[in-house]
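First to last, the sequence lines map onto chains A and B. To convert, note that position 178 of the first sequence is 203 in this note's numbering; the numbers rise steadily by one, no gaps. To convert, note that position 48 of the second sequence is 73 in this note's numbering; the numbers rise steadily by one, no gaps. Reviewing the structure listed below.
Protein chains: 2
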Amino acid sequence: MTFDEFVGQLEWSDSALVGIDWQQIRTLPLFAEMPTLELEQLLMSGSVRQIYTGQKVFRQGQVAEEFFLLIDGRLKVTQTTAEGRHILVRVVHPGDLFGFAPALQRHDYPGTSVAAAKSLILCWPNAVWTSMIETNARLATNAMKAIGQRLQEAHARIREISTENVERRLAHAILRLAEQAGQEDGNGIRLDLILTRLDLAALTSTTQHSVSRLLSAWESQGIVESGRQKLRVLDKARLQALADGQSWDNSD
Amino acid sequence: MTFDEFVGQLEWSDSALVGIDWQQIRTLPLFAEMPTLELEQLLMSGSVRQIYTGQKVFRQGQVAEEFFLLIDGRLKVTQTTAEGRHILVRVVHPGDLFGFAPALQRHDYPGTSVAAAKSLILCWPNAVWTSMIETNARLATNAMKAIGQRLQEAHARIREISTENVERRLAHAILRLAEQAGQEDGNGIRLDLILTRLDLAALTSTTQHSVSRLLSAWESQGIVESGRQKLRVLDKARLQALADGQSWDNSD
DNA sequence: CGGGCGGTTGATCCACGTCAATTTAGGTGG
DNA sequence: CCACCTAAATTGACGTGGATCAACCGCCCG
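Right under this line is the structure:
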């Protein structure tokens, strides 16, 4: 069976797969410069799964038997400490690998992943990781770049938590989300994922209360528009100024 | 020229190289399961450099033309923010790769690396990275594991900064250093590297003042012994208890 | 022996976390 | 379609951990 036959077959055999843009997947940075044949075999060897908002893909501590690629939608990866405090490790965007414990030499998942929007994922058994890395140098370097990218993001976050106050951190976090998961629609940028105040707090190392207070203040200044589990950036420039540390007064 | 001839030659041509345990380098996790011939070629293609305490290997922002392997000694990697605040990104231990900007798709070094002990490093031009990764699958996976390891450490740090108070964080940091760079010598564990209060502060996201106060308090309780740029753990169990959050009173 | 960096220690202050009470928005089932 | 229920969000009052400011000490090195 060729890849195209495979795709053709999928489309009528499983409604969840209708609308998957396989061409776009093939152009992901992760798969850059990978021989078409190998890539198609790889994609065919994975299975597609649909995840509804709020549904979990894997849980913290669970034995890791698969790794994943987010095709469409949005996921949150969270961790809970022994004392019961939460942190939001990262937001997963389309095209991102996630839950790749084997690369980290772990046998369990270090966090829990929950869909923050209706999502479509591709899953492979762990064994595929090893073989695919070893048989395909391109993919190995691409995967390494992806992890390297995340390492840099983690360092950036450490830098922010260590040196910036809550307002700046929150502004930074929201700007980043707007960049990565924002949908421009005439009236500002809508964040295309479900995020509670608690999530934002867990992302910026603060409390839901501080987040709430700041968002309220910003809303009254017309910088953002925030409702229950939703958020819209109205004045990106002002937000950027806050992120840069210019906590100006409202006399323009 | 064979590897052994190469090593033999080095030993009389450069006094800095005397005493390098090449056998030990060959058994590094990074080089695990790598064909001997390729590994020897790789080692031969790098150059050895000796770094004195306080000396810098590279500076933040400098164009990255080489990547490095720490053979012996200890390095600190620091970052300075635009506002002039410092963070200590990590401590480099023997066997660690560092300054590998190419893997992160950067053309400059994101931080500055300074020797915190007399150190010996191996350097390669960046081009070697690409070729060595692509021709040697083993090395690629090993390197990825190493980076994955660091990603997990970064996440652990984020978790600590976000959820633990200064005392616990500092206890954790010192315990980790004792584990990685500690030298047991009859009377506690001596940390084999130069670390100022400011360094410890930059490592735990606090101020030199808080670090100083805590160390003073701990010293009076016989948990540590701290002097100018040096540190010794006397009571690891107590320190561990502090790290675990048991802030007991001194009635034993 | 003097200058400077690293360290200590006290006094003060405030950004934020904590605690507590209330409101609001969805979702759900009758 | 409304009434109810629960989770999310808001808002105020309060307390405090730890940052900041300031003064001083003392070990090293030149």
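We put the beta carbon where it would ideally sit given N, CA and C, even for glycine. It should be emphasised that the depicted structure is a prediction, and the values quoted were computed from it without experimental measurement.
Look up residue 111 of chain A in the DSSP assignment and say whether it is helix, strand or coil. Strand, per DSSP.
Measure how close the beta-carbons of residue 72 of chain A and residue 186 of chain B come, nearest whole angstrom, since I'm counting them as under 8 Å. Between residue 186 of chain B and residue 72 of chain A the Cβ distance is about 38 Å, and since that is not below 8 Å, they are no contact.
How far does the beta strand (DSSP E) with residue 252 of chain B in it extend, from its first residue to its last? In the DSSP annotation of this structure, the continuous segment of the beta strand (DSSP E) that includes residue 252 of chain B starts and ends at 249 to 252.
Quick one: Cα of residue 260 of chain A to Cα of residue 198 of chain A, how far? Distance between the alpha carbons of residue 260 of chain A and residue 198 of chain A: 15 Å.
Between which two residues does the alpha helix (DSSP H) containing residue 235 of chain A stretch? Start and end: 233 to 245.
Can you tell me which of the three DSSP states residue 85 of chain A falls into? Note: residue 85 of chain A maps to coil in three-state DSSP.
Can you tell me whether residue 74 of chain A is helix, strand or coil according to DSSP? DSSP places residue 74 of chain A in strand when its eight states are reduced to three.
Taking beta-carbon pairs under 7 Å, can you tell me which members of the segment 226 to 242 of chain B lie near chain A? Within the segment 226 to 242 of chain B, those residues whose Cβ lies closer than 7 Å to any Cβ of chain A are, in chain order, 230.
Using a Cβ cut-off of 7 Å (strictly closer), state whether residue 40 of chain B contacts chain A. Unreliable placement is indicated for residue 40 of chain B, whose pLDDT of 46 sits below 50; the coordinate value is still reported in the next sentence. Cβ-Cβ to chain A under 7 Å: no for residue 40 of chain B.
Alpha helix (DSSP H) containing residue 223 of chain B: first to last residue? Taken as a continuous stretch (DSSP letters only), the alpha helix (DSSP H) holding residue 223 of chain B covers 222 to 229.
Please name the residue or residues paired with residue 116 of chain A in a DSSP beta bridge. Paired residue(s): A:101.
Within chain A, the residues that residue 103 of chain B reaches when beta carbons sit closer than 8 Å: None at all; the shortest Cβ gap to chain A is about 11 Å.
Against chain A, which members of the segment 179 to 195 of chain B pass a CB distance test of less than 8 Å? Those residues of the segment 179 to 195 of chain B that come within reach of chain A (Cβ to Cβ, closer than 8 Å) are 179, 180, 182, 183, 184, 186, 187, 188.
Quick check on DSSP: helix, strand or coil for residue 125 of chain B? Looking at residue 125 of chain B - three-state DSSP - the assignment turns out to be coil, as it is neither helix nor strand.
Near the ligand ATP: residue 225 of chain B beta-carbon under 6 Å from a heavy atom: The ligand content of the structure shown is nil, which means the ligand ATP is not present either.
Tell me, which residues are paired with residue 210 of chain B by DSSP? Residue pairing for residue 210 of chain B: DSSP places it in no beta bridge.
Tell me whether residue 209 of chain A is buried or exposed, calling it buried when 16 or more other Cβ atoms sit within 10 Å of its Cβ. By the 10 Å Cβ count, residue 209 of chain A comes out exposed.
Is there at least one Cβ from chain A nearer than 7 Å to residue 51 of chain B's Cβ? Proximity of residue 51 of chain B to chain A, defined by a Cβ-Cβ separation below 7 Å, is not satisfied.
Leaving aside the five residues before and after residue 190 of chain A along the sequence, list all residues of the same chain whose C-beta is less than 6 Å from its C-beta, in chain order. Setting aside the 5 residues that flank it on each side, residue 190 of chain A has no residue in the same chain whose C-beta is closer than 6 Å to its C-beta.
Give me, in chain order, the residues of the same chain whose beta-carbon lies closer than 7 Å to that of residue 123 of chain B; leave out the 5 immediate sequence neighbours on both sides. Around residue 123 of chain B: 93, 95, 100, 102, 117, 138.
Can you confirm whether residue 177 of chain A, when its beta carbon is compared against all beta carbons of chain B, has any partner nearer than 7 Å? Closer than 7 Å: yes.
Within chain A, the residues that residue 114 of chain B reaches when beta carbons sit closer than 7 Å: Per Cβ cutoff of 7 Å: 180.
7 Å Cβ cutoff, residue 169 of chain B in contact with chain A: A Cβ of chain A is located within less than 7 Å of the beta carbon of residue 169 of chain B.
Below 6 Å CB to CB, which residues in the same chain sit around residue 84 of chain B once its five sequence neighbours on both sides are set aside? 137.
Nearest candidate by alpha-carbon position, reference residue 91 of chain B, set B:147, B:107, B:108: When only C-alpha atoms are compared, the closest one is B:147.
Please name the residue in B:239, B:253, B:115 whose C-alpha comes closest to that of residue 268 of chain B. When each option's Cα is compared against that of residue 268 of chain B, the closest is B:239.
Take residue 227 of chain A and list the residues in its own chain whose beta-carbon comes closer than 6 Å to its own, dropping the five residues that flank it on each side. If we look at residue 227 of chain A and ignore the five residues flanking it on each side, its Cβ neighbours are 111, 112, 113.
What residue range does the beta strand (DSSP E) around residue 188 of chain A cover? Per DSSP, residue 188 of chain A lies in no beta strand (DSSP E) segment; the continuous alpha helix (DSSP H) that holds it begins and ends at 162 to 188.
Grouping DSSP H, G and I as helix and E and B as strand, with all else coil, what is residue 142 of chain B? Here residue 142 of chain B sits in coil by DSSP.
Report the rounded CA-to-CA distance for residue 271 of chain A versus residue 255 of chain A, giving the unit in angstroms. Roughly 26 Å separates the two Cα atoms.
Mind checking who residue 258 of chain A pairs with in its DSSP beta bridge? Beta-bridge pairing by DSSP links residue 258 of chain A to A:214, A:249.
7 Å Cβ shell around residue 70 of chain B - same chain, five flanking residues per side excluded: Contacts found: 149, 153.
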